[in-house]
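*Asks:*
Number of protein chains: 2
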Amino acid sequence: MTAPLPDTRPPRKGRALPDTQHGIRRRNLGRVMHAVSAEGPLSRAAVASHIGLTRAAVSTMVDDLIRWELLEELGPERPGRVGRPGSALAVSGRGPAGIGAEVGVDHLAVCAVDLRGRVRARAVRHGSNRGRAPEPVTEELTDLIRRVVTEAERDGLWAAGLAVAVPGLIARDSRTVVRAPNLGWRDTDLGALLPAELSPTVDNEANFGALAELWLGAGTPPDFLHVSAEIGIGAAVVVDGDLLRGTRGFAGELGHVPVRPDGPECPCGGRGCLEQYAGEEAVRRAAGIEPHEELLGLLAERADSGDRAVRTALSDAGTALGIALTGAVNLLDPETVVLGGALAGLSPWLLPSLEAELRGRTAGPACPVTVSTLGPEGPLLGAAHAVVRAVLDDPAVVAERA
Amino acid sequence: MTAPLPDTRPPRKGRALPDTQHGIRRRNLGRVMHAVSAEGPLSRAAVASHIGLTRAAVSTMVDDLIRWELLEELGPERPGRVGRPGSALAVSGRGPAGIGAEVGVDHLAVCAVDLRGRVRARAVRHGSNRGRAPEPVTEELTDLIRRVVTEAERDGLWAAGLAVAVPGLIARDSRTVVRAPNLGWRDTDLGALLPAELSPTVDNEANFGALAELWLGAGTPPDFLHVSAEIGIGAAVVVDGDLLRGTRGFAGELGHVPVRPDGPECPCGGRGCLEQYAGEEAVRRAAGIEPHEELLGLLAERADSGDRAVRTALSDAGTALGIALTGAVNLLDPETVVLGGALAGLSPWLLPSLEAELRGRTAGPACPVTVSTLGPEGPLLGAAHAVVRAVLDDPAVVAERA
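In order, the protein sequences belong to chains A and B.
Just so we're aligned: the first sequence equals residues 3 to 404 in my numbering.
Just so we're aligned: the second sequence equals residues 3 to 404 in my numbering.
(1) Only counting the same chain, and skipping five residues up and downstream in sequence, which positions put a Cβ closer than 6 Å to that of A/A37?
(2) Would A/V107 pass as a contact of A/I147 if the rule is Cβ separation under 8 Å?
(3) Quick check on DSSP: helix, strand or coil for A/A293?
(4) Closest Cβ-Cβ distance between A/V259 and chain B: below 8 Å?
(5) Buried or exposed for A/G102, going by 16 or more other Cβ atoms inside 10 Å?
(6) Identify each residue in the segment 354 to 368 of chain A for which the Cβ-Cβ distance to at least one residue of chain B is less than 9 Å, and report them in chain order.
(7) For A/D335, which residues in chain D fall below 7 Å Cβ to Cβ?
(8) If you pair each beta-carbon of the segment 210 to 223 of chain B with each one of the segment 384 to 398 of chain B, do three or more pairs fall below 8 Å?
(9) Ordered along the chain, which non-local residues of its own chain (more than five positions away) have a Cβ less than 6 Å from that of B/T222?
(10) Quick check on the DSSP output: the beta strand (DSSP E) that includes A/P397 runs from which residue to which?
(11) Please look up how many angstroms separate the CB atoms of A/T62 and A/P136, rounded, as I've assumed it's under 8 Å.
(12) Could you tell me which residues DSSP pairs with B/E75 in its beta bridges?
(13) Using three-state DSSP, classify B/A392 as helix, strand or coil.
(14) For B/G100, which three-state DSSP category applies?
(15) Under a CB-based cut-off of 8 Å, is A/T328 close to chain B?
(16) State the start and end residues of the unbroken alpha helix (DSSP H) segment that holds A/R134.
(17) How long is the line joining the alpha carbons of A/A326 and B/T152, rounded to whole angstroms?
(18) Where does B/D396 land, buried or exposed, given buried means 16+ other C-beta within 10 angstroms?
(19) Helix, strand or coil for A/D108 per DSSP?
(20) When DSSP labels each residue in this structure, what does A/A182 get in the three-state scheme?
(21) Given this structure, state the Cα-to-Cα distance separating B/D407 from B/L246, to the nearest angstrom.
(22) According to DSSP, B/N206 sits in a beta bridge with which residue or residues?
(23) For the alpha helix (DSSP H) containing A/W351, name the first residue and the last one.
(24) Are any of the Cβ atoms in chain B nearer than 8 Å to that of A/V241?
(25) Do B/A289 and B/S259 have their beta-carbon atoms positioned less than 8 Å apart in this structure?
(26) Applying a beta-carbon distance threshold of less than 9 Å, which residues of chain B neighbour A/L256?
(27) Mapping DSSP to helix, strand and coil, what is A/R122?
(28) Classify A/T144: buried if its beta carbon has 16 or more other beta carbons within 10 angstroms, exposed otherwise.
(29) Once you ignore the five residues that flank B/T1 on each side, which residues in its own chain have a CB closer than 6 Å to its CB?
(30) DSSP on B/R247, reduced to helix/strand/coil?
(31) To which residues of the same chain is B/P43 closer than 7 Å at the C-beta, ignoring the five residues directly before and after it?
(32) Spatial neighbours of B/V105 within its chain, please: C-beta separation below 6 Å, excluding the five flanking residues on both sides.
(33) If you draw a straight line from the alpha carbon of B/S176 to that of A/I291, how long is it in whole angstroms?
(34) Since B/R225 meets chain A, which of its residues come closer than 9 Å, beta carbon to beta carbon?
(35) In whole angstroms, what separates the C-alpha of A/E359 from that of A/D244?
(36) How far does the beta strand (DSSP E) with A/L227 in it extend, from its first residue to its last?
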């Protein structure tokens with residue numbers, strides 16, 4: 003946490019490196035990193051054949067990547083091969099790490115992920131953030147961040163950047179939380195409250211959750227709709243392996259799709275929005291449960307033990323989700339819908355009615371629904387991996403620091 | 003219509019030319035064409051400064067583009083300038099042309115558009131295609147196509163490709179009409195029924211209508227939702243200047259977004275879909291009008307003359323559109339919604355209730371709704387321009403032919 007870091011923010015879609023010699027070299031450095039990351043350990047010759055460049059060109063790049071602590075040599079390959087023995091290359095377990103952080107309604111969490119994708123340090127603080135001002139919350143978060151960075155540094159890593167997941171609307175290409183109703187934040191420039199030397203980026207937790215699913219999920223296709231819930235209903239749309247962000251950065255507001263246009267009023271200004279049927283508060287009331295700190299766990303427990311009111315409430319929420327998702331599937335034609343976050347844990351009681359709606363409202367085969375295996379850590383992991391991916395995509399950004 | 007043509011199909015998003023010398027040169031040829039097309043006439047020096055390459059590199063490419071009949075020299079620039087007089091370059095009004103065709107429910111239409119974007123030949127045939135087999139329809143369409151190509155050839159043009167707009171679902175990256183309910187077609191390989199020497203491509207009319215709006219509309223932003231209607235409700239989503247196609251190619255089915263989940267049954271298998279409230283049939287019945295060939299004109303005429311039943315029917319359709327669009331806007335966060343096709347002509351009576359729903363269901367400023375000025379020709383023009391754009395993007399595709 004010394005010199006200011008280069009810009010590791012993910013590029014806005016369509017903003018690519020230019021077709022200059024320099025830009026092409028930077029792209030090729032990224033191709034080398036991705037080849038070794040996906041297929042490694044690989045010899046230099048194998049990398050060259052993977053990305054379609056000469057061994058000489060790859061060797062020069064690999065030398066730089068080793069100097070920058072992005073790749074490491076594992077020693078000579080097993081003997082018996084023809085020619086000069088090559089050394090297998092692997093993505094470095096030292097060097098740059100991505101710092102991910104999450105501002106949850108009921109907790110704060112931070113983790114460090116190395117270039118190999120392993121979590122190397124983490125810190126959590128439980129306690130409600132509802133209605134707290136952004137300053138004390140970000141102060142506590144910064145303490146956790148410094149603790150995690152120090153721990154990572156002891157392990158031979160250094161922080162290549164920080165990405166923060168927030169349950170709210172973030173203006174596109176900014177670090178401004180436009181609205182986070184469950185925290186009570188409005189038009190807050192979070193970037194100014196976070197450690198500047200880590201070049202912090204800020205994004206919606208549903209977006210980071212979907213990216214985690216894309217990068218870490220088992221067999222997740224490049225086109226899917228990710229639906230999650232903490233307090234509100236969050237969703238994110240991934241198209242051809244990229245997040246669909248929307249003009250203002252507000253895409254994915256599935257929670258405010260009208261399900262029954264004359265239904266109950268919603269704080270968003272609408273009526274009968276999905277959140278009025280499938281949001282945490284609505285389900286709690288329908289199930290006849292008093293406000294409770296660990297509501298999601300309680301719902302799962304009671305549903306599991308056969309509580310009729312809870313099962314009916316979850317089944318009705320599944321129906322509402324199915325109606326809203328029918329519209330979304332008709333508009334977006336995703337390959338699959340993934341239920342993540344809190345919805346994953348409740349899926350046994352949501353899925354039957356949800357899938358019945360999707361099936362019943364489609365002439366052809368219905369869009370398949372799968373359940374995330376990442377659990378509630380998706381947004382935090384997605385944030386840390388966003389920094390890691392930015393380094394893999396354009397490794398030259400860390401050249402000055404290394 | 004002699005030698006087989008190169009592939010001028012628009013590339014699947016993300017499939018770019020490779021970073022080889024050859025690929026980079028092809029990309030740069032496209033940049034030259036787009037610079038001259040958008041800003042021309044331009045001198046070679048001006049092109050070079052526009053795209054950030056040396057004058058020498060640009061000059062070699064320009065020579066090729068002139069030989070291929072894609073650019074033409076307008077003669078020496080006005081005197082009085084310092085240095086060797088340059089010759090202004092313009093996009094050619096001869097050479098390759100895009101052939102667009104439309105299979106409408108009540109008509110067939112074909113046009114030829116030159117690289118400057120001007121319509122140079124056209125042919126139309128009125129008459130219902132409802133329930134007719136694909137073979138006789140495509141035979142008639144092929145007659146129109148040959149007539150238009152012959153007319154264009156007399157004018158110094160040659161057909162660089164054919165794109166056909168169809169009111170139905172087209173499987174992605176194929177020419178197969180999976181379902182066109184208003185024609186009665188199902189799983190029809192239209193490519194096999196069209197003149198092979200024109201390398202025909204096939205796409206949904208709503209997609210071509212949206213592309214026309216993107217390329218030809220006045221001030222259309224790169225992120226918008228295009229809603230049109232002929233018989234059904236069609237929509238297309240444009241994100242960062244690209245069509246969002248969906249996994250199977252079926253994205254944009256706004257007509258089957260549930261508006262009132264317990265509403266009337268829809269042939270799609272659902273209930274209360276938008277088409278049950280705002281589709282042509284639904285509006286006709288609500289307005290108390292008997293089946294009629296020129297229904298849209300009749301509706302506009304009666305609404306204009308103050309017919310209460312028609313005005314109520316259109317206002318109710320606007321309400322249903324507003325509910326479905328609220329969901330779509332929440333999911334996609336477009337910069338604007340554009341009403342095109344038949345909806346443009348009926349917009350005076352649809353817009354008040356439509357906009358009231360959008361405003362009333364949103365806490366912040368509602369997404370603006372604009373009306374297309376392209377009229378019902380959008381899909382036909384979009385098809386022809388898709389071929390023209392493919393030539394501008396990758397001019398080398400016509401090198402062999404020229």
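Each residue gets a CB set at the ideal place from its N, CA and C atoms; glycine is no exception.
The model shown is predicted, which means the values in this text are computed figures rather than measured ones.
*Replies:* Walking through what the data contain:
(1) As a working note, residue 37 of chain A is residue 35 in the first sequence. Correct list, in chain order: V49, H52 and I53.
(2) The residue given as residue 107 of chain A occupies position 105 in the first sequence. The residue given as residue 147 of chain A occupies position 145 in the first sequence. The answer is no: Cβ separation not under 8 Å.
(3) Working through the first sequence from its first residue, we reach residue 293 of chain A at position 291. The identity of residue 293 of chain A in the sequence shown is Pro, whereas the question assumes Ala. Coil.
(4) For the purposes of this step, residue 259 of chain A is taken as residue 257 along the first sequence, with counting starting at 1. So, interface residue.
(5) For the purposes of this step, residue 102 of chain A is taken as the residue at position 100 of the first sequence. Flag for A/G102 reads buried.
(6) E359, R361, G362, R363, T364, A365 and G366
(7) The structure shown has no chain D; the protein chains it does contain are A and B.
(8) yes
(9) Against the second sequence, residue 222 of chain B aligns to sequence position 220. Cβ within range, chain order: E215 and L216.
(10) On the first sequence, position 395 is the one that residue 397 of chain A refers to. Counting along the chain, A/P397 falls outside any beta strand (DSSP E), and DSSP gives it neither H nor E.
(11) Locating residue 62 of chain A in the first sequence gives position 60, where the first residue counts as 1. Locating residue 136 of chain A in the first sequence gives position 134, where the first residue counts as 1. Actually they do not touch by this definition, with Cβ atoms about 47 Å apart.
(12) Residue mapping note: residue 75 of chain B aligns to position 73 of the second sequence, counting from 1. BP columns for B/E75 point to B/L91.
(13) Start at 1 with the first residue of the second sequence, and residue 392 of chain B comes out as number 390. In this structure, B/A392 counts as helix in the three-state DSSP scheme.
(14) The count along the second sequence starts at 1 and reaches residue 100 of chain B at position 98. Here DSSP, grouped into helix, strand and coil, assigns B/G100 to strand.
(15) The sequence position of residue 328 of chain A within the first sequence is 326, counting from 1. So, interface residue.
(16) Residue numbering aside, residue 134 of chain A sits at position 132 when the first sequence is read from its first letter. From DSSP, A/R134 is part of no alpha helix (DSSP H); its letter is neither H nor E.
(17) Here residue 326 of chain A is taken as the residue at index 324 of the first sequence, counted from 1. Here residue 152 of chain B is taken as the residue at index 150 of the second sequence, counted from 1. Cα-Cα distance, rounded: 51 Å.
(18) Residue 396 of chain B sits at position 394 when you count from the first residue of the second sequence. Label assigned to B/D396: buried.
(19) As a first step, residue 108 of chain A is located in the first sequence; it is residue number 106 there, counting from the start. Coil.
(20) As a first step, residue 182 of chain A must be located in the first sequence, where it is residue number 180. Three-state DSSP puts A/A182 in a strand.
(21) Chain B is shown only over 3 to 404; residue 407 of chain B falls outside these bounds and no answer can be derived.
(22) The sequence position of residue 206 of chain B within the second sequence is 204, counting from 1. DSSP output for B/N206 lists B/V168 as bridge partner(s).
(23) On the first sequence, position 349 is the one that residue 351 of chain A refers to. Taken as a continuous stretch (DSSP letters only), the alpha helix (DSSP H) holding A/W351 covers G343 to G362.
(24) In the first sequence, the residue the question calls residue 241 of chain A occupies position 239. Put simply, the CB of A/V241 is near chain B, with a gap under 8 Å to one of its CB atoms.
(25) As a first step, residue 259 of chain B is located in the second sequence; it is residue number 257 there, counting from the start. As a first step, residue 289 of chain B is located in the second sequence; it is residue number 287 there, counting from the start. The question names Ser, but residue 259 of chain B is Val in the sequence shown. Taking a C-beta distance under 8 Å as the contact criterion, B/V259 and B/A289 do not qualify as a contact pair.
(26) For the purposes of this step, residue 256 of chain A is taken as residue 254 along the first sequence, with counting starting at 1. Those within 9 Å of A/L256 in chain B are G329, N332 and L333.
(27) As a working mapping, residue 122 of chain A is identified with position 120 in the first sequence. It is a strand residue.
(28) Stepping through the first sequence from its first residue, residue 144 of chain A is reached at position 142. Buried, since its Cβ has 16 or more Cβ neighbours within 10 Å.
(29) An answer regarding residue 1 of chain B cannot be provided, because it is not within the stretch 3 to 404 covered by chain B.
(30) For the purposes of this step, residue 247 of chain B is taken as the residue at position 245 of the second sequence. B/R247 falls in the coil class under three-state DSSP.
(31) As a working note, residue 43 of chain B is residue 41 in the second sequence. The answer, listed in chain order, is L76, A90, L91 and A92.
(32) Against the second sequence, residue 105 of chain B aligns to sequence position 103. For B/V105, where only same-chain residues beyond five positions count, the Cβ hits under 6 Å are V168.
(33) Taking the first residue of the second sequence as position 1, residue 176 of chain B is located at position 174. Taking the first residue of the first sequence as position 1, residue 291 of chain A is located at position 289. So the two alpha carbons sit approximately 53 Å from each other.
(34) Mapped onto the second sequence, residue 225 of chain B falls at position 223. According to the sequence as given, residue 225 of chain B is Asp; it is not Arg. Those within 9 Å of B/D225 in chain A are G248 and T249.
(35) Looking up residue 359 of chain A in the first sequence gives position 357. Looking up residue 244 of chain A in the first sequence gives position 242. Cα-Cα distance, rounded: 28 Å.
(36) Within the first sequence, the letter at position 225 stands for residue 227 of chain A. Element bounds for A/L227: F226 to A231.
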